[in-house]
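**Q** Residues in the sequence shown are numbered from 1 upward in steps of one, following this note's numbering. Positions of the beta carbon are idealized from the N, C-alpha and C atoms, including for glycine.
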Amino acid sequence: MKVYTWKQLFWAMCLVYIPVVILGLLTGHLLEFLLVATVLHIAWHYYFLKKLNDWLWVSKSTVLPPGKSVWEHAYIGIHNMQQRYRKRHKSLANVISRFREGSEALPDAVVVFKKEGEIVWCNHLAQFQLGFKWPEDAGENITNLIRHPDFVEYLRSNSYQDPLDLISPINSEKLLEFRVMPYAKDQRLLIVRDVTSYRQMDENRRNFVANVSHELRTPLTVLQGYIEIMEMSAQDDPRQLKTVRVLEQQTARMCALVEQLMTLSKIEGAASVDFHECINTAVLLTQLENEAIALGRKKSLSINFVVDPKLSVVGDEMQLRSIMANLVYNAINYTPENGNVKVLWKRIPEGAYFCVMDTGDGIAPEHILHLTERFYRVDASRSRDTGGSGLGLSIVKHGLSHYDSELDIESNIGEGSQFSFIISKAYLC
Ligand code: ADP
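Structure below.
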């Protein structure tokens, strides 16, 4: 496309005015000729300016009006610019409509809102699940429509790693999971999923496990009683005694498994823990120390508890005991003879620190991430020997979740392991 330079514009003017000057000089009316030429020149420009104005504001036609010289050039330039904007506009509109179609296809309610809460857009499901009205609610603050204090606090917190579960604002029988994600510049994307059936299934599973474990307890106690009687009457028969001992061992394993299952169900099932009660942690750890020394004696383990007697936390004593005991018993079970087990309970700036260190065989890195999964065992046969069920660390994980804490595991093969956690100072008493 041709670009007009100052030089070309000057020569274009000369082309108009040189003949006028010559004619003016020849006729002796130079000034008059120049005046008329200038007026005509301005009128010519105004004519094309008017045409441009009409084309842009009145006709709005996409067909270019005919232009001359510089004006033709200017018309084409404006027209090309318009075409470029139209194309960009169209492709942006396509992107938006693809996003909207995608969001409508999702099985979740989707709401786009500004950082300050102003609703920009929502899909159809948001209207069903949250009771939004579209387009009436466009621009409305989201906290005026979802007024639950937990949701308002969740938005204000600006920390959206974990989802928030809330009862539906329009149907109290439905449980919704709210997830917020930072989206585009200064916008947020809210995704709401109906999790009523998932939670129901989870609860059913928990109830089932709790009921089965509970029901197994009575027959196991009866069995243990009979095995004891059989053991007494088999004292003179070594072969029978051996069989009875195996029976005794396996029943004890089953009892331990049932106990662990019941503890896990209780901890998992507790929606919230009563944090009003102060647990006498020093007494709890002294009991644990005595049990650990008794257990470790068989393997000549050196057991060392370093406990801050003034450091106590609030919560459920049974749960805290399960958390600490599982870590201590594991250290004893997985440390070979003459090894060391050290337990620390001390105050740190963040709160209370609990740590169990052992000089056991250690755990390979690929197992560490899975240790807290139910029934996960690094070496099933080894665990069986120690009477392990694979539920201990799962109990620890769930128990710690009530304190908003996580288990930290460090281990090196052949050197030993360290299991630790921090209970935040909000839970100290
Ligand atoms: P279990 O009842 O089998 O001990 P846990 O859930 O307590 O189940 O532990 C899971 C697995 O983690 C164990 O089977 C064991 O292989 C490994 N483990 C746990 N604690 C230790 C430890 N202190 N040293 C080495 N391995 C451990």
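1. Determine, using beta-carbon pairs with one atom in the segment 274-290 and one in the segment 216-233, whether at least three such pairs fall under 8 Å.
2. Take I368 and list the residues in its own chain whose beta-carbon comes closer than 7 Å to its own, dropping the five residues that flank it on each side.
3. Apart from the five residues on each side of it in sequence, which residues of its chain come closer than 8 Å, Cβ to Cβ, to N94?
4. Alpha carbon to alpha carbon, how far is W11 from L34?
5. Closer than 7 Å: is that where the CB of A184 sits relative to any heavy atom of the ligand ADP?
6. Which residues share a DSSP beta bridge with G351?
7. Grab me the residues of S69's own chain with a C-beta within less than 8 Å of its C-beta, minus the 5 sequence neighbours each way, in chain order.
8. Under the three-state reduction of DSSP, which class applies to G109: helix, strand or coil?
9. Taking 8 Å as the threshold (C-beta atoms), are G131 and R206 in contact?
10. Taking only the alpha-carbon atoms, compute the straight-line gap between G28 and Q82 and give it to the nearest angstrom.
11. Take the Cβ of F178 as the centre, count every other Cβ of all protein chains shown within 10 Å, and call the residue buried at 16 or more, exposed below.
12. Any contact of the segment 306-316 with the segment 344-361, i.e. 3+ C-beta pairs under 8 Å?
13. Any heavy atom of the ligand ADP closer than 7 Å to the CB of L393?
14. Counting only C-beta atoms, is M262 closer than 8 Å to chain D at any point?
15. Short check: CB of D316 to CB of T335, under 8 Å?
16. Measure the C-alpha to C-alpha separation of D236 and E248 and round it to an integer number of angstroms.
17. Spatial neighbours of S213 within its chain, please: C-beta separation below 6 Å, excluding the five flanking residues on both sides.
18. Which stretch, first to last residue, makes up the alpha helix (DSSP H) that contains F305?
19. Measuring CA to CA, which of F99, D108 and T143 is closest to E116?
20. Below 8 Å, how does it come out for the segment 168-185 and the segment 209-226: are there three or more Cβ pairs, yes or no?
21. Tell me whether N290 is buried or exposed, calling it buried when 16 or more other Cβ atoms sit within 10 Å of its Cβ.
22. Checking 8 Å against the spacing of the C-beta atoms, do L407 and L400 come in under that value?
23. So, using beta-carbon positions, are V20 and A43 closer together than 8 Å?
24. Give the secondary structure of G102 by DSSP, where H, G and I count as helix, E and B as strand, and everything else as coil.
25. Which residues does DSSP pair with I368 in a beta bridge?
26. With DSSP collapsed to three states, give me the class of K68.
27. Would you check if the distance between the CB atom of D108 and the CB atom of V192 is smaller than 8 Å?
**A** Let's see:
1. no
2. I409 and S411
3. none
4. Looking at the two C-alpha atoms, the distance is approximately 17 Å.
5. no
6. I348 and S424
7. A12
8. Sequence inspection shows Ala at residue 109; the Gly mentioned does not correspond to that position. Note: A109 maps to strand in three-state DSSP.
9. no
10. Spanning the two alpha carbons is a distance of roughly 49 Å.
11. buried
12. yes
13. Residue side-chain check: L393 places its Cβ nearer than 7 Å to a non-hydrogen atom of the ligand ADP.
14. No chain D appears in this structure, which consists of one protein chain only.
15. no
16. Between D236 and E248, the alpha-carbon positions lie close to 17 Å from each other.
17. V258, L261 and M262
18. Annotation for F305: no alpha helix (DSSP H) segment contains it, though the beta strand (DSSP E) segment containing it runs S302 to V307.
19. Proximity to E116 across F99, D108 and T143 peaks at T143, based on C-alpha coordinates.
20. Output reads no: the segment 209-226 does not touch the segment 168-185.
21. exposed
22. yes
23. no
24. helix
25. DSSP, once it has assigned bridges, lists no residue as partnering I368.
26. The answer is coil: DSSP assigns K68 none of H, G, I, E or B.
27. yes
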